[in-house]
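Below you'll find the structure, written out as structure tokens, and then a few comments.
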Amino acid sequence: MNILNKVLLTLVLLSGININVLADGNPSEISKTRADSHAPISVMGDHTHGKGESMLSYRYMTMGMDGYQSGSSSSNYTKARSKPLGGYYMTVPEEMTMNMHMIGAMYAPSDDITLMMMGTYLDNEMKVKKHSNNKKRTLESSGLGDTKVSILKRLAHNDNGKLHATLGLSLPTGSISKKDVMFGSKEETLGYNMQLGSGTYDALPGLTYAYFEDSYSYGAQISSVLRIGKNSKDYALGDIYKTNIWFAIPFNDNKTSVSIASEFKFQGKISGSHKDIKTIMSFAQDRDSSGSKRIDVSIGANHVFPNKVRASVEYIMPTYNDVNSVQLDADNALIFGLGFAY
Ligand SMILES: [Cu+2]
Numbered sequence: 000m001n002i003l004n005k006v007l008l009t010l011v012l013l014s015g016i017n018i019n020v021l022a023d024g025n026p027s028e029i030s031k032t033r034a035d036s037h038a039p040i041s042v043m044g045d046h047t048h049g050k051g052e053s054m055l056s057y058r059y060m061t062m063g064m065d066g067y068q069s070g071s072s073s074s075n076y077t078k079a080r081s082k083p084l085g086g087y088y089m090t091v092p093e094e095m096t097m098n099m100h101m102i103g104a105m106y107a108p109s110d111d112i113t114l115m116m117m118g119t120y121l122d123n124e125m126k127v128k129k130h131s132n133n134k135k136r137t138l139e140s141s142g143l144g145d146t147k148v149s150i151l152k153r154l155a156h157n158d159n160g161k162l163h164a165t166l167g168l169s170l171p172t173g174s175i176s177k178k179d180v181m182f183g184s185k186e187e188t189l190g191y192n193m194q195l196g197s198g199t200y201d202a203l204p205g206l207t208y209a210y211f212e213d214s215y216s217y218g219a220q221i222s223s224v225l226r227i228g229k230n231s232k233d234y235a236l237g238d239i240y241k242t243n244i245w246f247a248i249p250f251n252d253n254k255t256s257v258s259i260a261s262e263f264k265f266q267g268k269i270s271g272s273h274k275d276i277k278t279i280m281s282f283a284q285d286r287d288s289s290g291s292k293r294i295d296v297s298i299g300a301n302h303v304f305p306n307k308v309r310a311s312v313e314y315i316m317p318t319y320n321d322v323n324s325v326q327l328d329a330d331n332a333l334i335f336g337l338g339f340a341y
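All the letters of the sequence shown, read from the start, carry residue numbers 0 to 341 under numbering that gives the first Met the number 0.
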């Protein structure tokens with residue numbers, strides 16, 4: 000299926016949701032000073048802005064991985080060392096830490112259109128062990144990640160609900176040629192998760208619905224990341240299909256809210272393989288160990304300060320993980336966010 004077909008299929012699927020449930024009400028905005036007028040901080044492009052408004056935001060996410068997962072059950076060192084078609088890898092990843100800084104900007108030229116841009120800076124670390132002599136090394140990669148530009152189009156809204164579509168493009172500003180010294184004397188190309196970008200232009204379609212009552216709110220978003228062709232290293236990361244749902248309760252005069260949320264994420268396997276990885280040293284460099292189905296559950300809080308500054312925090316707990324071949328197991332993750340609207 001080519002990229003245009005994928006985007007069309009996604010939009011057709013998205014439009015299957017009946018938007019007529021939203022009667023034409025007054026175009027009154029749901030109070031922006033209400034803490035839960037924004038989704039939990041892990042949901043991207045969750046809200047639109049009114050004409051002339053802009054917003055700057057900063058997000059910090061830290062997540063760790065350790066232990067092994069194979070299929071939907073936890074696995075062990077021996078399995079992590081075994082190649083899927085027989086034989087053994089020379090090295091075994093033991094743990095990984097990813098820290099991500101995200102800077103976002105939003106601007107609404109009209110009530111119906113909001114423009115959004117997001118840049119990322121990544122800082123990754125992976126501890127690996129050479130099996131034959133038990134030597135350990137920490138591999139590192141850091142730098143600019145991919146940059147996303149999106150258009151959010153408000154489709155329908157009334158006093159209680161709002162619906163918008165997103166169409167975005169991810170620009171391959173993140174490096175896919177990150178190297179580090181492993182156990183030899185010279186630098187070698189790091190595994191797929193240690194690279195900073197996808198290397199491809201990615202289409203980012205999505206649809207977001209949110210509903211508000213005085214004492215609670217909830218919302219849902221479906222979104223995809225669809226790779227366009229292969230990158231300069233002859234591979235493409237797997238496409239991503241995601242659904243996020245959330246429920247929030249405001250209190251403290253609506254200035255604070257707490258939320259519970261869940262994310263269902265399917266990511267396909269890498270197609271092709273990195274042309275600079277000549278010898279696959281561990282599963283981290285093996286395309287067979289890519290792709291997964293995941294369900295996370297998270298708890299979060301938003302707070303709005305009097306001067307339109309927002310602060311958010313969310314704690315994400317992986318609850319179900321079904322991976323291809325063997326992979327490092329995801330730990331809990333933490334996201335912290337600050338936003339300034341004006
Ligand atoms: Cu915003």
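We put the beta carbon where it would ideally sit given N, CA and C, even for glycine.
Keep in mind it's a predicted model, so treat the numbers as computed, not measured.
Three CB pairs or more closer than 8 angstroms across the stretch 228-248 and the stretch 208-216:
yes
For TYR76, which three-state DSSP category applies?
helix
Below 7 angstroms between beta carbons: does that hold for THR146 and THR165?
no
Tell me which residue opens and which closes the beta strand (DSSP E) that LEU151 is part of.
146-156
What residue range does the beta strand (DSSP E) around VAL127 cover?
112-129
Backbone CA spacing between GLY24 and LEU154 [nearest angstrom]:
Per-residue confidence for GLY24 stands at a pLDDT of 40, beneath the threshold of 50, marking its modelled position as unreliable; no derived number is given.
Between TYR59 and the rest of its own chain, which residues show a CB-CB distance below 8 angstroms, the 5 nearest in sequence each way excluded?
Listed in chain order, the non-local C-beta contacts of TYR59 below 8 angstroms within the same chain comprise ASN98, MET99, HIS100, MET101, ILE334, PHE335, GLY336, local neighbours out to five positions each way being set aside.
Does any heavy atom of ligand 1 sit closer than 6 angstroms to the C-beta of MET95?
Ligand 1 has no heavy atom closer than 6 angstroms to the beta-carbon of MET95.
Uninterrupted beta strand (DSSP E) stretches inside the stretch 209-263 (no shorter than 3 residues)
216-227, 239-250
Under three-state DSSP, which class holds TYR341?
coil
Straight-line CA distance for ALA361 to ASP65?
The structure shown does not extend to residue 361, since the chain is modelled only from 0 to 341, so the question has no answer here.
Can you tell me whether GLU262 is buried or exposed? The criterion is at least 16 other CB atoms within 10 Å of its CB, across all chains shown.
The residue is buried, with at least 16 neighbouring Cβ atoms inside 10 Å.
Presumed contact (8 angstroms Cβ cut-off) between MET95 and LEU236, rounded CB distance:
About 16 angstroms separates the beta carbons of MET95 and LEU236, which is beyond the 8 angstroms limit, so they are not a contact pair.
With DSSP as the reference, label ASN306 as helix, strand or coil.
Note: ASN306 maps to coil in three-state DSSP.
At what residue ranges does the stretch 266-331 contain a whole run of the beta strand (DSSP E), taking only runs of 3 or more?
291-303
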